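The structure under discussion appears below in the form of C-alpha cells.
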Amino acid sequence: MSQRKVLTTQVAIMGAGPAGLMLSHLLARAGIESVVLEIRSHQEIAETVRAGILEAGSVNMLVDGGVSDRVLRDGHRHDGIELRFNGESHRIDFQGLVGESVWLYPQTDVFLDLSARRKADGGDVRYAVTDATIHDIESKPKVWFTDADGVEYELRADFITGADGSRSHCRVQIPEAQRKWYFHEYPFAWFGILAEAPRSSEELIYANSEHGFALISQRTETVQRMYFQCDPGEDVRNWDEDRIWDAFRSRVNGNGFEVKEGPVIDKTVLKFRSFVHAPMRHGNLFLAGDAAHTVPPTGAKGLNLALNDVRVLFEGFDSFYSTGSTVLLDAYSGRALDRVWKAQQFSYWMTSMLHTAADADDFSRARQLGELHSVVSSRHGSAYLAEAYTGWPGAR
Ligand code: DHB
1 MSQRKVLTTQ VAIMGAGPAG LMLSHLLARA GIESVVLEIR SHQEIAETVR
51 AGILEAGSVN MLVDGGVSDR VLRDGHRHDG IELRFNGESH RIDFQGLVGE
101 SVWLYPQTDV FLDLSARRKA DGGDVRYAVT DATIHDIESK PKVWFTDADG
151 VEYELRADFI TGADGSRSHC RVQIPEAQRK WYFHEYPFAW FGILAEAPRS
201 SEELIYANSE HGFALISQRT ETVQRMYFQC DPGEDVRNWD EDRIWDAFRS
251 RVNGNGFEVK EGPVIDKTVL KFRSFVHAPM RHGNLFLAGD AAHTVPPTGA
301 KGLNLALNDV RVLFEGFDSF YSTGSTVLLD AYSGRALDRV WKAQQFSYWM
351 TSMLHTAADA DDFSRARQLG ELHSVVSSRH GSAYLAEAYT GWPGAR
C-alpha cells in the first residue's frame with residue numbers, strides 16, 4: 001500500500017461504457033474532475049456488437065451536450081416500426097402518434113464518439129486496468145487499481161460512480177441488508193447475426209409468429225443486424241447459414257415480404273433477464289446503467305436508460321459542487337428508478353407480447369394475437385407503444 005501512487009479526483013468512475021464516459025464528459029463541462037477506470041481495452045469495447053436504437057433524448061445528449069453530431073450524419077432517423085404477426089405488417093407511426101422519432105445508431109458508435117471527445121478534451125480515462133477494488137464507500141472512497149503499465153495506484157475521490165456493467169463489481173460492495181435485488185428470468189434468448197445483405201425494409205420489423213419472435217434491424221447499406229428467438233442454451237455452432245435463414249424465413253416471410261439474405265459474418269446467443277438493484281446509491285457510491293438494472297432487449301431501452309441515469313446523476317453532482325446541497329444527489333435513486341420501472345414494464349410487455357413460449361397452449365397463442373390486434377387497431381394502444389419506444393417525455 002505504501003508504494004501505491006496516490007491520485008486525487010472529485011468523482012471516480014468505474015467503467016468506460018457510454019454511461020461512464022458520458023458522465024465524465026458532462027462533469028468536465030461543468031468544471032468537475034473525474035477519472036474513469038475500465039478493465040477492458042479500448043479495442044475490446046469498440047469491437048463488441050451492441051444494440052442500436054437511440055431515443056431523441058439520448059441523441060440530444062450527444063449533439064446538444066457537445067459530444068458529437070455524427071449521429072445526425074451517420075445515424076438514421078426512424079419515424080416508426082412495423083409489428084408483424086399472422087403474416088401481416090402493421091406500422092406504428094411514432095411521428096403521427098406522439099410526434100417523436102428514434103435514431104438507428106449503434107452503441108459502438110456512441111462509445112467511439114464519447115471516447116474520442118474525452119480524449120480530445122484531455123479527460124483521464126484509463127483502459128485495461130487490473131485488480132480494481134473499491135473501498136470505504138460509506139466514508140472517504142478510494143479505488144485501488146493497477147494500470148496497463150503495471151503501476152499500482154490509490155485513487156481518492158469524493159464519490160464513486162459504478163458504471164461497470166451488468167457484472168458490476170461495485171454493486172456487490174453494497175451490504176445485502178441495504179439493498180434489494182429484483183429479478184425476472186425469461187425462457188428464451190436471442191440469436192443475433194450480422195449479415196452482408198441490403199436492407200429488407202425501411203424500418204425495423206418486430207415479428208411474432210407461431211415459430212417464435214424475430215427482429216429485422218439494420219446497420220449500414222450493406223450490413224444488417226437481425227435476431228430470432230432461441231433457447232437460452234443454444235450453441236451457435238449448431239447453426240449454419242441455411243438453418244439460420246430458414247429460421248428467419250419461417251418467422252417473417254409471407255404475403256409478398258421476403259427477408260434479404262446474405263453471408264452471415266457474426267453470430268451470438270444473447271441471454272437476457274430483467275434485473276433491478278434498489279436503491280441505486282449507498283453512501284458515496286452511485287450505480288448507473290447496467291450495473292443497476294438490465295432489461296430484455298425487445299424495447300431497445302438499455303442504453304437509453306443508462307444515459308438517462310447519468311443525466312440525472314450529473315444534475316446531483318453539479319448541484320452539490322456548485323451549491324453544497326445534497327438534495328438532488330439524495331433524489332438520484334428515486335428519480336432514476338422512476339424511469340427504470342417504466343422501462344422494465346415496457347420491455348417485459350414487448351417481450352411477452354412478441355415471443356412464443358415453447359409450452360404455449362391454444363389459449364395463450366390466441367390471446368397473444370388478440371393483444372397484438374388490440375395494439376395495432378387502437379390509436380390509444382399504439383400510442384402507448386410509440387410513447388414508450390421513443391422515450392417518455394419529461395426526461396429531456
Ligand atoms: C436493435 C436491438 C434491439 O434490442 C432492438 O429492440 C432494436 C434494434 C439493434 O441491435 O439494432
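If you read the sequence shown in the numbering used here, its first letter stands for residue 1, the second for the next number, and so on. We put the beta carbon where it would ideally sit given N, CA and C, even for glycine. These numbers were taken from a predicted model, which means no experiment stands behind them.
Excluding five sequence neighbours on each side, which residues of the same chain lie with their C-beta closer than 6 angstroms to the C-beta of Q10? I32, E33, D158.
Give the DSSP-derived three-state secondary structure of H25 in the structure shown. Helix, per DSSP.
So for L215, helix, strand or coil by DSSP? DSSP places L215 in the strand class (E or B) of the three-state scheme.
Using the Cα positions of L287 and S166, report the straight-line distance between them to the nearest angstrom. Going by the C-alpha atoms only, they are around 11 angstroms apart.
Span of the alpha helix (DSSP H) holding F94? Counting along the chain, F94 sits inside the alpha helix (DSSP H) bounded by residues 94-98.
Given this structure, state the Cα-to-Cα distance separating L72 from M14, to the nearest angstrom. In a straight line, the C-alpha of L72 is about 29 angstroms away from that of M14.
Pocket of the ligand DHB (residues with CB nearer than 5 angstroms to any heavy atom), chain order: Matched residues: A51, G52, I53, S217, R225, P297, A300.
Rank G299, R219, G17 by C-alpha distance to the C-alpha of D266 and give the top, closest one. D266 has its Cα closest to that of R219, out of G299, R219, G17.
Look at P263 and A195 and say whether their C-beta atoms are less than 9 angstroms apart. It is a contact, given that the beta carbons lie within the stated cut-off.
I'd like the span of the beta strand (DSSP E) that includes I174, first residue to last. Annotation for I174: no beta strand (DSSP E) segment contains it, and DSSP assigns it neither H nor E.
Taking the straight line between their C-alpha atoms, what separation do you get for V49 and D290? Approximately 16 angstroms between the Cα atoms of the pair.
If we call anything under 9 angstroms between Cβ atoms a contact, is L270 one with Y227? Yes, the Cβ-Cβ distance between L270 and Y227 is below 9 angstroms.
Strand pairing of L83, partner residues [DSSP]: Among the bridge pairs identified by DSSP, L83 is matched with H90, Y206.
Residue range of the unbroken alpha helix (DSSP H) whose run includes S322: Looking at the DSSP string, the run of the alpha helix (DSSP H) that includes S322 is 302-323.
Hey, how far is the Cα of V129 from the Cα of N208? Distance from the CA of V129 to the CA of N208, rounded to the nearest whole angstrom, comes to 43 angstroms.
Can you tell me whether DSSP reads F257 as helix, strand or coil? In the structure shown, F257 sits in a strand (DSSP, three-state: E or B).
To the nearest angstrom, how far is it from the Cα of Y332 to the Cα of L307? Each residue's Cα considered, the two are about 13 angstroms apart.
Would you grab the beta carbon distance between P198 and E176 for me? Rounded to a whole angstrom, and I think it's under 8 angstroms. Going by Cβ atoms, the distance from P198 to E176 rounds to 52 angstroms, so no, they are not a contact pair.
When the Cα of L114 is compared with those of M22, D362, Y321, R281, which residue comes out closest? Considering only alpha carbons, the answer is M22.
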